[in-house]
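Residue 8 is where the sequence shown starts when you use the numbering used here, and the numbers rise one by one after that.
Worksheet: one structure, shown below.
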Amino acid sequence: MTQPLLKSGDRLVLATHNAGKLAEFSALMAEFGITVLSAGELNLPEPEETATTFAGNAAIKALAAAQAANLPALADDSGLCVSALGGAPGIYSARWAGPEKDFNGAMARIEEGIGKDERNAWFVCVLCLAFPDGRTQSFEGRIDGQIVWPPRGANGHGYDPIFEPENETRSFAQMTDEEKNAISHRARAFAAFRKACLD
Numbered sequence: 008m009t010q011p012l013l014k015s016g017d018r019l020v021l022a023t024h025n026a027g028k029l030a031e032f033s034a035l036m037a038e039f040g041i042t043v044l045s046a047g048e049l050n051l052p053e054p055e056e057t058a059t060t061f062a063g064n065a066a067i068k069a070l071a072a073a074q075a076a077n078l079p080a081l082a083d084d085s086g087l088c089v090s091a092l093g094g095a096p097g098i099y100s101a102r103w104a105g106p107e108k109d110f111n112g113a114m115a116r117i118e119e120g121i122g123k124d125e126r127n128a129w130f131v132c133v134l135c136l137a138f139p140d141g142r143t144q145s146f147e148g149r150i151d152g153q154i155v156w157p158p159r160g161a162n163g164h165g166y167d168p169i170f171e172p173e174n175e176t177r178s179f180a181q182m183t184d185e186e187k188n189a190i191s192h193r194a195r196a197f198a199a200f201r202k203a204c205l206d
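Here you go:
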């Protein structure tokens with residue numbers, strides 16, 4: 008039996024300045040006795056995400072936080088990929104909403120771009136665990152579905168109102184947090200991370 012990479016009593020930096028993400032991951036880690044600190048709390052700078060893949064950007068963020076804080080760090084990079092748009096917005100999902108975080112405009116841009124025929128889409132999340140010595144390990148989660156229009160539901164965030172996961176008749180934004188978190192791309196990435204690093 009190999010030792011888990013993280014164990015009870017460890018401190019882990021979450022490479023985010025997003026309070027919602029911190030709350031989500033703190034709750035997930037609590038049962039393992041791991042204290043989660045955010046890059047925001049530690050006043051760590053946000054590195055430029057210059058990679059062309061989710062895994063590359065997650066690694067940039069995780070390594071920067073691990074080396075700045077001298078602690079293990081976890082970063083996620085995630086986004087919506089639309090088949091008819093050649094996989095866009097993909098790694099640029101947040102940027103499509105612009106500095107004002109106008110996701111209504113971003114969702115309309117997707118709808119205008121895809122027409123009526125090809126509605127296939129998927130959400131991807133890559134989690135990267137990095138250590139101060141430069142070691143990294145990545146875990147990917149994906150959920151397939153389709154784009155629906157008009158937007159439906161008021162829960163969730165980002166593109167959730169226009170994404171209906173496979174085998175569902177509701178958008179992510181019409182589900183409770185618990186229902187979404189049971190099947191989401193982030194939940195799937197976290198399950199892989201948990202199996203490799205915590206259990």
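Every residue, glycine too, gets a C-beta built ideally from N, C-alpha and C.
Between which two residues does the alpha helix (DSSP H) holding residue i run?
i       : result
Asn-188 : 184-190
Arg-159 : That residue, Arg-159, is in no alpha helix (DSSP H); it is neither H nor E in DSSP.
Ser-3   : As shown, the chain starts at 8 and ends at 206. That puts residue 3 outside it, with no answer to give.
Ser-100 : 100-103
Which one of the options has the shortest CA to CA distance from residue i?
i       : options                            : result
Phe-61  : Pro-96, Phe-32, Ala-30             : Pro-96
Glu-161 : Ile-190, Glu-147, Pro-172, Ala-180 : The sequence given here has Ala at residue 161, not Glu. Comparing Cα positions, the closest option is Ala-180.
Ala-66  : Met-182, Ala-137, Thr-59           : Ala-137
Asn-188 : Cys-132, Ala-203, Thr-143          : Cys-132
Pro-54  : Asp-84, Phe-39, Pro-172, Ala-30    : Asp-84
Lys-28  : Gly-163, Ala-73, Ile-154           : Gly-163
Asp-140 : Phe-197, Ala-91, Pro-79            : Pro-79
Gln-144 : Leu-35, Asn-64, Ser-15             : Asn-64
Glu-56  : Ile-98, Arg-159, Glu-125           : Ile-98
Ala-37  : Ser-15, Ile-154, Trp-103, Asp-167  : Ser-15
Ile-190 : Arg-142, Gly-165, Trp-129          : Trp-129
Leu-51  : Leu-35, Ile-41, Ala-69, Ala-34     : Ala-69
Ala-115 : Asn-127, Leu-49, Arg-142, Pro-168  : Pro-168
Which residues bound the beta strand (DSSP E) around residue i?
i       : result
Ala-115 : Not the beta strand (DSSP E): Ala-115 falls in the alpha helix (DSSP H), residues 110-121.
Determine which residues share a DSSP beta bridge with residue i and list them.
i       : result
Arg-149 : Val-131
Ala-137 : Ala-80, Thr-143
Ser-85  : Cys-132
Glu-171 : Gln-153
Leu-21  : Ser-45, Leu-81
Pro-106 : Per DSSP, none; premise fails for Pro-106.
Pro-96  : Cys-88
In three-state DSSP terms, what is residue i?
i       : result
Phe-32  : helix
Met-8   : Note that Met-8 scores a pLDDT of 43, beneath 50, so its modelled location is shaky and nothing firm can be said.
Leu-205 : coil
Gly-27  : helix
Lys-14  : coil
Phe-179 : helix
### Message
Three Cβ pairs or more, each shorter than 8 angstroms: is that satisfied between the region 43-50 and the region 102-119?
### Response
no
#### Entry: Three or more C-beta pairs below 8 angstroms linking the region 136-152 and the region 98-113
no
### Query
Touching or not, the region 22-38 and the region 67-83, by the rule of three or more beta carbon pairs under 8 angstroms?
yes
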